[in-house]
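Undergrad: Chains as they are written, first to last, in the numbering used here: chain A, 83 to 195; chain B, 113 to 228.
1) Do the stretch 132-141 of chain B and the stretch 118-126 of chain A touch if we need at least three Cβ pairs shorter than 8 Å?
2) Which ranges does the beta strand (DSSP E) cover as unbroken runs of at least 3 residues, wholly within the stretch 113-153 of chain A, from first to last along the chain?
3) Of the residues A:179, A:168, A:195, which one's Cα is nearest the Cα of residue 120 of chain A?
4) In chain A, which residues lie with their C-beta within 8 Å of the C-beta of residue 220 of chain B?
5) Closer than 8 Å is the cut-off here; do at least three beta carbon pairs connect the stretch 179-194 of chain A with the stretch 128-135 of chain B?
6) Buried or exposed, going by whether 16 or more other CB atoms sit within 10 Å of the CB of residue 137 of chain A?
7) For residue 110 of chain A, which three-state DSSP category applies?
8) Between which two residues does the beta strand (DSSP E) carrying residue 208 of chain B extend?
9) On the three-state DSSP scale, how would you describe residue 166 of chain A?
10) Does the beta carbon of residue 205 of chain B come closer than 9 Å to any beta carbon on chain A?
11) Report yes if the CB atom of residue 84 of chain A is closer than 9 Å to the CB atom of residue 109 of chain A, and no otherwise.
12) Pairs of beta-carbons, one from the stretch 150-158 of chain A and one from the stretch 179-186 of chain A, closer than 8 Å: are there three or more?
13) Who are the near neighbours of residue 103 of chain B in its chain, counting only those whose CB is closer than 7 Å to its CB and skipping five residues on each side?
14) On the three-state DSSP scale, how would you describe residue 134 of chain B?
15) Measuring straight from C-alpha to C-alpha, what distance separates residue 201 of chain B and residue 189 of chain B?
16) First and last residue of the beta strand (DSSP E) that includes residue 185 of chain B?
17) Going along the stretch 169-188 of chain A in order, which residues come within less than 9 Å of chain B, judged by CB to CB distance?
18) Considering Cα atoms alone, identify which of A:143, A:147, A:148, A:158 is closest to residue 166 of chain A.
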């Protein structure tokens, strides 16, 4: 069975500073990995996905994530935080594309002026 | 972009009553819809997978007689929580898969159910 662990329930950064949201996964086979963002009162939005192509995946809004098999990690980064980035972020793993997604517990990103 | 509309966004009901939650894909045909549940400070858990015109597939531990899922058309799936009890209080989210060859998955904004 696959699972994901989001290491931080909350991350606080100042606007303009880098963002790092950590995610470790467990999977018996080559997984698909995703990052989703959820703003208040809105649906989950796909930020980026890894499906065994390039290990560095670029997503929307300046976010990117690097798949590191040796560390079983898929951390999400952004060079410079914006106030609009404040939201809940979910790391997700799947063995079958968009079928049977397994979600992490989420990381709330707080951005201060 | 594609949008999934989920209604209601929140609902309060008395114990023993039934509640229906709707999930609509607004500008694409969703061959498959998924229903998730999220308890406070926990991750989203897949409850069931719903394919248009066929019976839903429920995950282990999910009572199919309590959580009735209907996917009668390519744009609408409904989740009915029957004889709701306080322990059914949770955040329910649907998602819809579509896009043909360029497969995508879109989520609704969720429904907060509170059973008194």
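Glycine residues also receive a C-beta, built at the ideal position from the N, C-alpha and C atoms.
No experiment lies behind these values; they were computed from the predicted model shown.
TA: Well, looking at it:
1) Segment contact: the stretch 132-141 of chain B against the stretch 118-126 of chain A, fewer than three CB-CB distances shorter than 8 Å; contact not assigned.
2) Qualifying beta strand (DSSP E) stretches, in chain order: 114-120, 127-132, 138-140, 146-150.
3) Across the set A:179, A:168, A:195, the C-alpha of A:168 shows the shortest separation from the C-alpha of residue 120 of chain A.
4) For the C-beta of residue 220 of chain B, the chain A residues within less than 8 Å are, from N- to C-terminus, 125.
5) No, they do not touch.
6) Residue 137 of chain A is exposed by the Cβ-count criterion.
7) Reduced to three states, the DSSP call for residue 110 of chain A is coil.
8) Here the beta strand (DSSP E) through residue 208 of chain B covers 202-210.
9) Looking at residue 166 of chain A - three-state DSSP - the assignment turns out to be helix.
10) For residue 205 of chain B, the answer is yes, since a Cβ of chain A falls inside 9 Å of its Cβ.
11) In contact: residue 84 of chain A and residue 109 of chain A (Cβ atoms closer than 9 Å).
12) Contact fails: fewer than three Cβ-Cβ distances are below 8 Å.
13) Outside the displayed range of chain B (113 to 228) lies residue 103 of chain B, so it cannot be described from this structure.
14) Strand.
15) Between residue 201 of chain B and residue 189 of chain B, the alpha-carbon positions lie close to 20 Å from each other.
16) Looking at the DSSP string, the run of the beta strand (DSSP E) that includes residue 185 of chain B is 179-185.
17) Taking 9 Å as the Cβ-Cβ cut-off against chain B, the residues of the stretch 169-188 of chain A that qualify are 172, 174, 179, 180, 181, 182, 183, 184, 185, 186, 187, 188.
18) The shortest C-alpha separation from residue 166 of chain A is found at A:143.
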